[in-house]
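>
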Amino acid sequence: MTSFSDPYAYHDAIHAAQVKAVFIGDGDFRATLASVDLDGLTLQSGSENLPRTFAFLAPQDQASIFFLADEHQSPLQNNGAALSPGELVAFRPGTFNSQQTAGPCDWASLALAPDRLDEVFRAVTGRDPPSWPETHILRPPPSSWLRLMRLHATVMRLARVAPQALSDAGIARGLQSGVEHALALCLDEAAPVRTSLARGHHRMVVRRLEEAAEMAPDRPLYLSEVCAAIGVPERTLRVSCQEQLGMGPIRYLWLRRMNLAHRALRRADPASTSVTAVATDHGFWELGRFSVAYRKLYGRSPSATLQHRS
Numbered sequence: 001m002t003s004f005s006d007p008y009a010y011h012d013a014i015h016a017a018q019v020k021a022v023f024i025g026d027g028d029f030r031a032t033l034a035s036v037d038l039d040g041l042t043l044q045s046g047s048e049n050l051p052r053t054f055a056f057l058a059p060q061d062q063a064s065i066f067f068l069a070d071e072h073q074s075p076l077q078n079n080g081a082a083l084s085p086g087e088l089v090a091f092r093p094g095t096f097n098s099q100q101t102a103g104p105c106d107w108a109s110l111a112l113a114p115d116r117l118d119e120v121f122r123a124v125t126g127r128d129p130p131s132w133p134e135t136h137i138l139r140p141p142p143s144s145w146l147r148l149m150r151l152h153a154t155v156m157r158l159a160r161v162a163p164q165a166l167s168d169a170g171i172a173r174g175l176q177s178g179v180e181h182a183l184a185l186c187l188d189e190a191a192p193v194r195t196s197l198a199r200g201h202h203r204m205v206v207r208r209l210e211e212a213a214e215m216a217p218d219r220p221l222y223l224s225e226v227c228a229a230i231g232v233p234e235r236t237l238r239v240s241c242q243e244q245l246g247m248g249p250i251r252y253l254w255l256r257r258m259n260l261a262h263r264a265l266r267r268a269d270p271a272s273t274s275v276t277a278v279a280t281d282h283g284f285w286e287l288g289r290f291s292v293a294y295r296k297l298y299g300r301s302p303s304a305t306l307q308h309r310s
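Read in order, the letters of the sequence shown are residues 1 to 310 in full-length UniProt numbering.
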């Protein structure tokens, strides 16, 4: 298990996900992340202490399943839809996604090759796996979800307190088989949680917004400019961002640049980098306003961040 105080290092370490943007709530960020590989089945668990929003690409070459690891915690928003304990997110490989939490969060994930998941599903159920065109939320029977959650927790606990047990081929193979079997039953017995076609369209709008922002990380983007670049009217852009990210597009773009500046300050060498250089590199030309906004957002001045780089 690895502990993190840098949210960017934390999200960079999440298995195979390409995190595009990270926004963390007020306070000192603390998180832990653990990962176990069982012959191609990757299990991860994470624990975070602050609200966060992030946008990411699901792994291109793996089937990924995500769920909340504490059956009593509050729901989070996944692509604008509530994900509650007892439900699973099945990410379509390579798709753009967003998540928002309102407070501390404990989560778990599974990832394996799509062909392997299909093979396990057929072996367990005797049928071909269902075909879902997009990322979706599933609600399996409570007993099936609890079994999967507890098996996942058992593997992660063994990795923490008795890692030598996972080096035993027989034990590792038995755990892998148990988790894969439980996952196949969850997928077979689950009812899809209904979602609207509009929500899928809004997710694509936000993906195009993120792509436009990636092309211009060093300057502010104007709303009319963004709408023209991604080919949607302003109202659609606003509705999409509010649903998928919990904020409007101007706030998102501003926070995105602030977070890039924050990340750069955390990682820069104070002997060769200045706050002014970092601020202007990210399109903040009014240094006084930048410093005030930065302190309000992160609880310390830009210069203090630079001097305490991680």
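Where is the CB? At the ideal position from N, CA and C, for every residue including glycine. None of the values given here were measured: they were computed from a predicted structure.
1. Buried or exposed for Val179, going by 16 or more other Cβ atoms inside 10 Å?
2. Closest to Glu134 by CA distance: which of Ala190, Leu287 and Asn79 is it?
3. Answer with buried or exposed for Gln164, where buried requires no fewer than 16 other C-beta atoms within 10 angstroms of its C-beta.
4. List the DSSP bridge partners of Phe96.
5. Asn259 and Phe4: beta carbons closer than 8 angstroms?
6. Starting from the C-beta of Tyr294, find all residues in its chain whose C-beta is less than 6 angstroms away, skip the five residues before and the five after it, and write them out in chain order.
7. Can you tell me which residues form a DSSP beta bridge with Gln307?
8. Taking only the alpha-carbon atoms, compute the straight-line gap between Phe290 and Asp12 and give it to the nearest angstrom.
9. Who are the near neighbours of Glu48 in its chain, counting only those whose CB is closer than 6 angstroms to its CB and skipping five residues on each side?
10. Output the distance between the C-alpha atoms of Val193 and Arg267, rounded to the nearest integer angstrom.
11. Count the other CB atoms within 10 Å of the CB of Ser143; is the residue buried (16 or more) or exposed (fewer)?
12. The beta strand (DSSP E) with Ile14 in it runs from where to where?
13. Using only the alpha-carbon positions, how far apart do Thr125 and Asp118 sit?
14. Kindly list the residues whose CB is nearer than 6 angstroms to the CB of Ser131, restricted to its own chain and excluding five residues on each side of it in sequence; keep chain order.
15. Could you work out which residue in Arg122, Arg257, Pro51 and Ala108 is closest to His181 when comparing CA atoms only?
16. Figure out for me which residue from Phe284, Asp281 and Val275 has the closest Cα to the Cα of Leu306.
On the basis of the coordinates in this document:
1. buried
2. Asn79
3. Exposed: under 16 other Cβ atoms inside 10 Å.
4. Leu57
5. no
6. Pro302
7. Answer is none; Gln307 lacks a bridge partner.
8. 26 angstroms
9. Ala31 and Cys105
10. Going from the Cα of Val193 to the Cα of Arg267 covers about 41 angstroms.
11. exposed
12. Taken as a continuous stretch (DSSP letters only), Ile14 belongs to no beta strand (DSSP E), as it is neither H nor E.
13. Spanning the two alpha carbons is a distance of roughly 11 angstroms.
14. none
15. Arg122
16. Val275
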